[in-house]
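Going by my numbering, 154 is the number at position 160 of the sequence shown; the sequence numbering is gapless.
Yeah, the Cβ is synthetic: ideal placement off N, Cα and C, and Gly gets one too.
Below you'll find the structure, written out as structure tokens, and then a few comments.
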Amino acid sequence: MLMEFLNQCWQVLLELSPALLAGLLLAGLLHIFLPSGFIHRNLNKPGPGSVIKAALIGVPMPLCSCGVIPTGLGLHRDGASKGATTAFLISTPQTGVDSVFVSAAFLGWPFALFKLAAAFVTGVIGGLLTDRVTAADEVVATAPLSEENPKRNLIEVIRYAFFDLFAAIDRWILIGVVVAALITILAPDNFFANLGWAQGFTGMLLMLVFAIPLYVCTTGSVPIAASFIAAGMPAGTALVFLMAGPATNVATIGAIYRTLGAKVLSVYLGTVVIMSIAFGMGFEFVLSETTVIEQHQHGAGWLAISSALLVLALMVYLSLQRVWQKWFVTKEVLDMKLKVEGMSCQHCIGSVKKALEQFDTVELATPDLASGEVEIKGENLDREAMVKAVVEAGFSVSD
């Protein structure tokens, strides 16, 4: 049983790794070579144009549902309308350049492109509805936090792709691989096909109940969806999981309610629920026959094997790095410590760090993802101002 489980994990990694690495590299290129301030400059005018631009910008960005919250709120503070902000928050976590490649590898290009289009359309509809139900925003645009122009070279692309971005999702990728392997072993062929409640509209509603409160990474959830389909679940129901799961979770719901209000939250959830079911049913009607689950081949090529080994090596390195920093790095005497709630990934850490290190009096801010504590070194630190900066970045601070 153990050997069968490990073999299935390896087979999933063989399918996942080449597309994952290609997507990470493309995401790194976008991050390093996209001009600084590009996003903020293109979303400073309210209206349909900004909503469409926000969705277009959000679709390829590799941000998780929690990591997207500080980014989206930053857009709103810089003058983006609530509609544009909502469009960005809906479209971004559903997909990304890495997720597109992985979806195509597991489920075929028709499915991957359909999911990409669904994320864009859902974001636009959510943004337009938000502009309709909320009063005209009177946002005083503030200048973005000053930051040095990043070095633009291949080394920086690799550093961001494999050590920043992958560090934000590696554990969720691992969970996805493990769950996919377990489903493959425990759920026989056509298991879901023989269950009436797993089919059609009822199956999609049940999938929503399962997916909405759950935190799943958009890339890590693809192997799980592929295993669902291989076990007989309709592709449309799996699409509902891939849309609603990454777009929502308990932390995201709370952050949107706290920062954008109940009306925006209602539109956000309503749009995700209705559009995921609509696109799920639409996919079943139009393209369900095009979904082909890749069969794991025992004679994998050198590219798949080397990619899987590289992904495993990166996972081991990042895990050892976390253990080293937690248990063996000597802690310096602290000037201040904040307990920040809402950090769930490396993007969240970067947002908190950026919010605090904008102050001239702060020498270094070091957030710890596991404990939620942020260690701050500096002189004449203003606790009240720093708490305010963290809250404005989309997080909360406990006493």
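Whether residue i touches residue j by CB criterion (9 Å)
{"i": "glycine 230", "j": "glycine 274", "result": "yes"}
{"i": "leucine 236", "j": "isoleucine 247", "result": "no"}
{"i": "leucine 14", "j": "valine 94", "result": "no"}
{"i": "alanine 155", "j": "leucine 57", "result": "no"}
{"i": "valine 45", "j": "glycine 121", "result": "yes"}
{"i": "glycine 22", "j": "valine 53", "result": "no"}
{"i": "valine 118", "j": "serine 75", "result": "no"}
{"i": "glutamine 88", "j": "alanine 106", "result": "no"}
{"i": "glycine 77", "j": "glycine 41", "result": "yes"}
{"i": "leucine 10", "j": "alanine 256", "result": "no"}
{"i": "leucine 350", "j": "valine 384", "result": "yes"}
{"i": "phenylalanine 82", "j": "isoleucine 51", "result": "yes"}
Proximal residues to residue i (C-beta, below 8 Å), its chain only, five neighbours per side dropped
{"i": "threonine 355", "result": "Gly372, Glu373, Asn374, Leu375, Asp376"}
{"i": "valine 261", "result": "Thr80, Gly120, Leu123, Thr124, Val127"}
{"i": "isoleucine 299", "result": "Leu8"}
{"i": "lysine 331", "result": "Glu367, Val368, Glu369, Ile370"}
{"i": "valine 395", "result": "One cannot answer for residue 395 here, as it falls past the ends of the chain, which runs -5 to 393."}
{"i": "leucine 306", "result": "Leu7"}
{"i": "leucine 200", "result": "Trp191, Ala192"}
{"i": "arginine 146", "result": "Ile26, Phe27"}
Own chain partners of residue i with C-beta closer than 7 Å, once the 5 adjacent residues on each side are dropped
{"i": "leucine -4", "result": "none"}
{"i": "glutamate 132", "result": "Reliability of the predicted coordinates at glutamate 132 is poor, the pLDDT of 44 falling under 50, and no value is obtained from them."}
{"i": "serine 394", "result": "Residue 394 is absent from the model: the chain starts at -5 and stops at 393."}
{"i": "glutamine 2", "result": "Ala175, Thr178, Ile179"}
{"i": "methionine 55", "result": "Thr86, Gly90"}
{"i": "aspartate 92", "result": "Leu14, Gly17, Leu18, Ala21, Pro56, Thr213"}
{"i": "alanine 111", "result": "none"}
{"i": "threonine -2", "result": "A small correction: the amino acid at residue -2 is glutamate; threonine does not occupy that position in the sequence shown. Excluding sequence neighbours, glutamate -2 sits near Ile179."}
{"i": "glutamine 291", "result": "Caution applies to glutamine 291, whose pLDDT of 49 falls short of 50 and renders its modelled position unreliable; the value that the coordinates give is listed next. Excluding sequence neighbours, glutamine 291 sits near nothing in its chain."}
{"i": "valine 6", "result": "Val171, Ala174, Ala175, Pro217"}
{"i": "glutamine 315", "result": "none"}
{"i": "aspartate 329", "result": "Ile370, Lys371, Gly372, Leu375"}
Whole-angstrom C-beta distance between residue j and residue i, which should lie under 8 Å
{"i": "glycine 170", "j": "proline 240", "result": "Going by Cβ atoms, the distance from glycine 170 to proline 240 rounds to 11 Å, so no, they are not a contact pair."}
{"i": "alanine 364", "j": "lysine 320", "result": "7 Å"}
{"i": "leucine 421", "j": "phenylalanine 108", "result": "Residue 421 is absent from the structure shown; the chain starts at -5 and stops at 393."}
Residue nearest to residue i in terms of C-alpha spacing, selected from the options
{"i": "serine 221", "options": "Ala174, Asn243, Met198", "result": "Ala174"}
{"i": "leucine 148", "options": "His25, Phe108, Leu8", "result": "His25"}
{"i": "alanine 48", "options": "Phe156, Val115, Phe322, Ile223", "result": "Val115"}
{"i": "valine 244", "options": "Ile63, Leu10, Ala364", "result": "Ile63"}
{"i": "leucine 180", "options": "Val151, Ser345, Ala224, Met55", "result": "Ala224"}
{"i": "methionine 227", "options": "Phe185, Leu200, Val266", "result": "Phe185"}
{"i": "alanine 219", "options": "Ala98, Val368, His70, Ala16", "result": "Ala98"}
{"i": "alanine 238", "options": "Leu202, Ala379, Leu350, Gly255", "result": "Leu202"}
{"i": "glycine 388", "options": "Trp296, Asp92, Met55, Gly344", "result": "Gly344"}
{"i": "histidine 341", "options": "Ala78, Ala187, Ala161", "result": "Ala161"}
{"i": "lysine 382", "options": "Val346, Glu357, Ser11, Val305", "result": "Val346"}
{"i": "tryptophan 318", "options": "Asp362, Ser301, Phe353, Val305", "result": "Asp362"}
{"i": "valine 409", "options": "Ser313, Gly276, Phe279, Thr242", "result": "The first residue shown for the chain is -5 and the last is 393, placing residue 409 beyond what the model contains."}
Same chain only: Cβ atoms within 6 Å of residue i, ignoring 5 sequence neighbours per side
{"i": "methionine 198", "result": "Thr231, Val234, Ile271, Gly274"}
{"i": "valine 151", "result": "Gly22, Leu23, Ile26"}
{"i": "methionine 269", "result": "Thr116"}
{"i": "histidine 70", "result": "Thr79"}
{"i": "alanine 379", "result": "none"}
{"i": "leucine 297", "result": "Pro12"}
{"i": "alanine 187", "result": "Gly226"}
Cβ of residue i within 9 Å of any chain C Cβ
{"i": "leucine 180", "result": "Within the model displayed, chain C is absent; a lone protein chain is all it includes."}
Can you confirm whether the region 158 to 166 touches the region 189 to 208 when touching is taken to mean that 3 or more C-beta pairs between the two stretches lie within less than 8 Å? no
At least 3 beta-carbon pairs within less than 8 Å: the region 251 to 270 vs the region 208 to 220: no
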